[in-house]
DNA sequence: TCTATATTTCGATGATAGTTGAAATATTTA
DNA sequence: TAAATATTTCAACTATCATCGAAATATAGA
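Residue numbers (my numbering), protein chains in the order written: chain S, 2 to 229; chain R, 2 to 229.
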């Protein structure tokens with residue numbers, strides 16, 4: 002038997018349904034309390050506690066204590082990237098109720114993929130930017146054109162500052178619901194942050210689905226030539 | 002509870018140690034019989050049979066029958082890419098014997114990563130090509146320079162033909178043993194194939210470690226300016 | 001100080017999943 | 001045709017692991 006990295010070890014932590022549900026819930030990039038995560042994963046608080054301990058021990062999740070509350074978040078960008086990969090290769094969700102159907106529709110429409118935008122919105126904006134010549138699509142990444150530098154500056158994003166960040170600049174992230182790429186990386190994050198600041202999109206409680214505001218609808222149409 | 006792709010489903014298939022061992026063994030890109038895989042994974046044939054059935058059922062592995070033999074292989078490029086990712090995030094192998102230490106050394110030195118080269122050799126060749134100006138490193142991919150086009154043509158590789166393939170052209174694959182990138186994608190595959198043809202490297206039985214021939218040593222030094 | 005709330009810990013239970021001996025099946029060889 | 005080899009199937013066993021009721025611990029609020 003030959004020596005190999007032990008892929009089972011890293012993978013088995015995520016291959017259990019309650020832990021998978023917790024991790025997926027944390028893909029909105031926010032902190033959540035143990036009770037919230039238990040509710041989101043539809044398990045009892047003590048079960049959530051048990052699993053969260055494993056996730057923290059295994060390095061997937063970090064915890065901060067604030068009084069009686071324990072706030073949990075994904076440990077780092079690497080874990081999030083890995084979960085993205087898992088989400089893109091996993092079978093699509095099964096829908097068993099009208100409520101789930103509605104939830105799925107919202108998630109497919111617009112959601113956070115850790116720190117950047119995904120769904121129809123994420124892919125739509127990305128493709129609009131490519132079509133307008135602000136971004137150039139490569140195989141696994143996007144390039145910002147000079148025209149695009151101006152575009153982002155006008156939007157209030159300093160590209161030079163984004164480039165200085167010690168992480169991937171602009172990855173192509175495969176969107177699990179659209180099966181096309183949306184913009185990820187430092188630039189994807191900055192764009193999402195800016196759009197939240199502009200209140201073109203707002204976060205919703207208990208879900209990583211994102212709501213597009215009326216102001217946003219107008220802004221996307223006018224600025225991105227993307228009609229929702 | 003919100004609807005999500007079920008990452009546990011895709012992941013639990015690989016998060017079991019016997020199946021993980023089988024999948025890792027199949028990362029040399031070759032067909033292997035059930036008996037060989039059982040031996041490589043250090044399990045009984047009936048256990049291997051049980052797990053292989055699950056892997057085939059789950060779409061990770063394909064099987065071809067030739068008489069009394071059953072030849073198993075990874076189902077496709079996507080599965081291999083996914084396993085690469087797992088290998089790069091998994092903890093390094095533990096070594097408990099002199100034999101394992103020796104095997105690990107061989108694997109770290111030069112091995113196949115499905116269809117392209119990895120280890121010191123894979124990373125070394127890749128970095129030599131970048132340094133010589135034949136390849137340009139981007140974040141997640143490599144670009145072939147015009148100088149590089151000539152280089153590959155001289156080596157007997159038709160870049161235009163490689164580009165026509167319906168897959169990633171030249172990915173940057175994170176090497177689990179070197180923690181740097183080696184060349185993957187269609188170009189990485191073509192390069193490995195050519196090097197095997199030239200007999201600069203040869204395959205070994207029962208392991209994805211690759212042996213560098215004396216001819217190869219000379220060729221790498223002269224042609225790639227890479228000294229082994 | 002007592003009550004309420006958030007979370008963790010503990011112990012028991014039941015289900016699941018992996019392993020293997022034995023046997024059966026499939027194919028090849030002499 | 002019988003023997004050998006490769007693989008699969010079956011059944012039983014054992015270990016592991018997730019879940020949850022109950023209780024304990026930690027913190028906040030009245």
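Cβ coordinates follow ideal geometry from the N, Cα and C atoms, glycine included. The model shown is predicted, which means the values in this text are computed figures rather than measured ones.
The three-state secondary structure of residue 43 of chain R, taken from DSSP, is coil.
Contacts with chain R at 8 angstroms (Cβ-Cβ) include residue 16 of chain S. Chain order gives no chain S residues near residue 55 of chain R, where near means a beta carbon separation below 8 angstroms; the closest approach is about 13 angstroms. Membership of residue 210 of chain S in any beta strand (DSSP E) is not indicated, and neither H nor E is assigned to it by DSSP. Legend: CB atoms of the region 161-173 of chain R lying less than 9 angstroms from CB atoms of chain S belong to residues 169, 170, 171, 172 and 173.
Here the region 16-23 of chain R makes no contact with the region 139-153 of chain S; the two share fewer than three CB pairs at distances below 8 angstroms. With respect to residue 143 of chain S, residue 184 of chain S sits close: the two C-beta atoms are nearer than 8 angstroms.
Going by C-alpha positions, residue 83 of chain S is about 12 angstroms away from residue 91 of chain R.
Per DSSP, the beta bridge partners of residue 34 of chain S are S:72. Contact between residue 179 of chain S and residue 102 of chain S does not hold, since their C-beta atoms are separated by about 18 angstroms, which reaches or exceeds 8 angstroms. Contact between the region 107-120 of chain R and the region 95-114 of chain S is absent: fewer than 3 CB-CB pairs across the two stretches fall below 8 angstroms. Under the criterion of beta carbons closer than 8 angstroms, residue 94 of chain S and residue 5 of chain R qualify as touching, at roughly 6 angstroms. Taking all protein chains shown into account, residue 219 of chain R has fewer than 16 neighbouring C-beta atoms within 10 Å of its C-beta and is therefore exposed.
The beta-bridge partner set that DSSP reports for residue 114 of chain R consists of R:117.
The three-state secondary structure of residue 200 of chain S, taken from DSSP, is coil. In this structure, the beta-carbon distance from residue 55 of chain R to residue 20 of chain R falls below 8 angstroms.
In the DSSP assignment, residue 138 of chain R falls within the beta strand (DSSP E) that extends over 136-138.
Sequence-distant partners of residue 61 of chain S (beyond 5 residues in either direction) whose C-beta falls short of 6 angstroms from its own C-beta, in its chain, are 76 and 80. Identification of chain R residues near residue 32 of chain S by a Cβ-Cβ cut-off of 8 angstroms yields none; the smallest Cβ-Cβ distance measures about 17 angstroms.
In this structure, residue 35 of chain R lies near residue 49 of chain R, with their beta-carbon atoms less than 8 angstroms apart. For residue 25 of chain R, the nearest beta carbon of chain S is closer than 8 angstroms to its own beta carbon. Taking 8 angstroms as the cut-off, the Cβ atoms of residue 175 of chain S and residue 98 of chain S do not count as close.
For residue 50 of chain S, no CB of chain R lies under 8 angstroms from its own CB, so it is not counted at the interface with that chain. For residue 184 of chain S, the beta-bridge partners assigned by DSSP are S:173. Straight through space, the alpha carbons of residue 177 of chain S and residue 135 of chain S are spaced by roughly 24 angstroms. Scanning chain S for C-beta atoms nearer than 8 angstroms to the C-beta of residue 150 of chain R yields nothing, as the closest lies near 18 angstroms away. Leaving aside the five residues that flank residue 128 of chain S on each side, the residues in its chain whose CB is nearer than 8 angstroms to its CB run, in chain order, 181. A residue is called buried when at least 16 other Cβ atoms come within 10 angstroms of its Cβ; residue 191 of chain R meets this threshold and is buried. For residue 63 of chain R, the pairing in a beta bridge is given by DSSP as R:74. Below the 9 angstroms Cβ cutoff, chain R contributes 139, 140, 141, 142, 169, 172 and 173 as neighbours of residue 141 of chain S, in chain order.
What residue 185 of chain S touches in chain R, judged by beta-carbon distance under 8 angstroms, is nothing: the nearest beta carbon there is about 11 angstroms away. Proximity of residue 86 of chain S to chain R, defined by a Cβ-Cβ separation below 8 angstroms, is satisfied.
Beyond the five residues adjoining it in sequence on each side, residue 45 of chain S comes within less than 7 angstroms, by CB distance, of 39 in the same chain, given in chain order.
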